[in-house]
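Chemist:
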Amino acid sequence: MKLRFTLFVMVIALSGSGISCSSDTASPQSMPAEESTTREDTTMPQPPAHGLIFAQYAQNPQALVIEIVDPSTGNRGTLARFPGATLLGGLHQPGLDSELGFRTLVSPDLTKVLVNRKIDGDLHAGWLDRAGAFTDVTAAVQGPKTDFSGPITGNGYGFDGRGRFYYSHQIGEQTQILAFEAGAVRDGTVVHTVGGTGLIPRPLLTASGDLDFDVADGCSVISAQTWAGERYVFAKGSQLSRSTENSSRAIGSCGGWLDLLPATNRAKVLNPVASPDGSRIAFMYRNTDGNFSLYTVGIDGGTPEKLAVAPGQGTLVGWR
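Here the sequence shown stands for residues -22 to -1, 1 to 298, numbered as in mature numbering (1 follows the signal peptide of the UniProt record, and there is no 0).
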């Protein structure tokens, strides 16, 4: 009886002191703040800072995925992903067929990708960000569609080297092409006008990073695919060639060019990209089994060097 009374007194004393007798661990609310704070996961691999850039339109789910591969280490990682980006495009929409096409399709900081999409039966132009959010330049410029407004239609052409966005719409009998400062959707500057039944020229990304619509000469039958300084390089069949004259604009067949690969090559080569210093050209080489290897060659030609790494997913579109 005396033992039971002693235990009873101890329980009352402990309860009164605020000390718990439970053996359960403390709840998260009772833990110190520094222990309950979510910490950033530093184990995720970071993409290489330098290397060859590849891009592809992925399916299921749809997205434009940009990857970088370091040819010296073989390390690779994702630089950017744009959910919802598709191949659907408007007039002269750039694609992934060349480095210059890619540089027009995606902003220089890799945060926006050109999108032309159908909305209520009309073509709207703008861009997607990495979260998949669509910025509608057509709606911002022309206002909302009403029962009496007629079609609300515009066409996007892409970005220049400063991140400016190029867009066109029809005003009366004229088509105006406007340039918007990076990230802006209003107060565009008219950079080109086509009147009547005139055709809108395919724009050219120049060596200085401008998107040029004034293609008035007949020399641009050969399209530049990459710039090495003010000399452009293009692939045609089994040969890579570069211009022999310095010019900020591609002068096509009106200028001379130098073949960079041995004349004995019979394999198809494609997607040339210039190194950051312009001294070498990387390209894809189609093997006899249909797969591709990566090679580089000097800007003045010579013996191509095979890279030990496998190509990334998609098309070779850059080197940084």
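Backbone N, C-alpha and C define an ideal beta-carbon position, used for all residues, glycine too.
Compare the C-alpha of Arg244 against each of Arg108, Gly110, Tyr263 and name the closest.
Modeler: The candidate whose alpha carbon is nearest that of Arg244 is Tyr263.
Chemist: Is the distance from the Cβ of Gln152 to the Cβ of Thr171 below 7 Å?
Modeler: In this structure, Thr171 lies closer than 7 Å to Gln152 by Cβ.
Chemist: Distance, Cα to Cα, Arg298 vs Thr274?
Modeler: Spanning the two alpha carbons is a distance of roughly 14 Å.
Chemist: Out of Pro25, Arg59, Leu69, state which residue places its alpha-carbon closest to the alpha-carbon of Ser146.
Modeler: Nearest C-alpha to Ser146: Leu69.
Chemist: Flag this pair as yes or no: are the beta carbons of residue 299 and Gln34 separated by less than 7 Å?
Modeler: Past the boundaries of the shown model lies residue 299; the chain is included only from -22 to 298, so the question cannot be answered.
Chemist: Cα-Cα, which of Leu182, Tyr144, Phe191 is closest to Tyr210?
Modeler: Of the candidates Leu182, Tyr144, Phe191, the one whose C-alpha sits nearest the C-alpha of Tyr210 is Leu182.
Chemist: Could you check what DSSP says for Gly161 in three-state terms: helix, strand or coil?
Modeler: Coil.
Chemist: Tell me whether Arg220 sits in a helix, a strand or coil according to DSSP, three-state version.
Modeler: Looking at Arg220 - three-state DSSP - the assignment turns out to be strand.
Chemist: Run the CB neighbour count on Arg140, radius 10 Å, all protein chains shown included, and call it buried at 16 or more, exposed below.
Modeler: With fewer than 16 other Cβ atoms within 10 Å, it is exposed.
Chemist: How far does the beta strand (DSSP E) with Leu30 in it reach, from first residue to last?
Modeler: Taken as a continuous stretch (DSSP letters only), the beta strand (DSSP E) holding Leu30 covers 30 to 36.
Chemist: When you compare each of Asp48, Ala162, Glu208, Val84 to Ala63 by their alpha carbons, which one comes out closest?
Modeler: That would be Val84, whose Cα lies nearest to the Cα of Ala63.
Chemist: Would you please state the rounded distance, in angstroms, between the beta carbons of Ile46 and Arg54? I believe it to be under 8 Å.
Modeler: Ile46 to Arg54, Cβ: 7 Å. Contact.
Chemist: Under 8 Å by Cβ, that's how I've got Gly104 and Gly134 pegged, so tell me the actual separation to the nearest angstrom.
Modeler: With a Cβ gap of about 7 Å, Gly104 and Gly134 count as contacting.
Chemist: Tell me which residue opens and which closes the beta strand (DSSP E) that Leu42 is part of.
Modeler: Counting along the chain, the beta strand (DSSP E) containing Leu42 begins and ends at 41 to 47.
Chemist: Leaving out five residues on either side along the sequence, give the residues of the same chain with a beta carbon under 6 Å from the beta carbon of Gly296.
Modeler: Here the set comprises Ile31, Glu77, Val251.
Chemist: Hey, out of Gln148, Gln40, Glu223, Leu88, whose CA is closest to Thr116's CA?
Modeler: Nearest of Gln148, Gln40, Glu223, Leu88 to Thr116, Cα basis: Gln148.
Chemist: Answer yes or no: do Ser219 and Gly233 have a C-beta to C-beta separation smaller than 7 Å?
Modeler: Their beta carbons are not under 7 Å apart, which means Ser219 does not touch Gly233 by this criterion.
Chemist: What's the gap between the Cα of Thr89 and the Cα of Leu42?
Modeler: About 12 Å.
Chemist: Confirm, please, whether the CB-CB distance from Asn249 to Leu285 is below 7 Å.
Modeler: No, the pair does not count as a contact, with Cβ atoms beyond the cut-off.
Chemist: Which partner residues of Asp190 appear in the DSSP bridge assignment?
Modeler: Answer by DSSP bridge pairing, in chain order: Leu182.
Chemist: So for Phe80, helix, strand or coil by DSSP?
Modeler: Helix.
Chemist: Hey, which unbroken runs of the beta strand (DSSP E) at 3 residues or more fall wholly within the region 63 to 117?
Modeler: Complete beta strand (DSSP E) runs here, min 3: 91 to 97, 100 to 106, 112 to 114.
Chemist: For Val119, which three-state DSSP category applies?
Modeler: Looking at Val119 - three-state DSSP - the assignment turns out to be helix.
Chemist: Would you kindly check if the distance between the Cβ of Pro49 and the Cβ of Val287 is under 7 Å?
Modeler: Cβ distance < 7 Å, so Val287 and Pro49 count as in contact.
Chemist: Nearest to Val91 by CA position, among Glu223, Glu159, Tyr144, Leu106, is which residue?
Modeler: Of the listed residues, the one whose Cα sits closest to Val91 is Leu106.
Chemist: Under the rule that 16 or more other beta-carbon atoms within 10 Å means buried, what is Thr51, buried or exposed?
Modeler: With fewer than 16 Cβ atoms within 10 Å of its Cβ, Thr51 is classed as exposed.
Chemist: Around the C-beta of Pro289, are 16 or more other C-beta atoms found within 10 angstroms, so that it is buried, or is it exposed?
Modeler: So Pro289 ends up on the buried side.
Chemist: How should Arg95 be labelled, buried or exposed, when 16 other C-beta atoms within 10 angstroms of its C-beta is the threshold for buried?
Modeler: Buried: at least 16 other Cβ atoms inside 10 Å.
Chemist: To the nearest angstrom, report how far apart Leu101 and Gln120 are at their CA atoms.
Modeler: Rounded to the nearest angstrom, the two C-alpha atoms are 12 Å apart.
Chemist: So Gln203 is in the beta strand (DSSP E); what residue range does that whole segment cover?
Modeler: Note, Gln203: premise wrong, no beta strand (DSSP E); not H, not E.
Chemist: How many angstroms separate the CA atom of Gln217 from the CA atom of Phe261?
Modeler: Near 11 Å, if we compare the C-alpha coordinates of Phe261 and Gln217.
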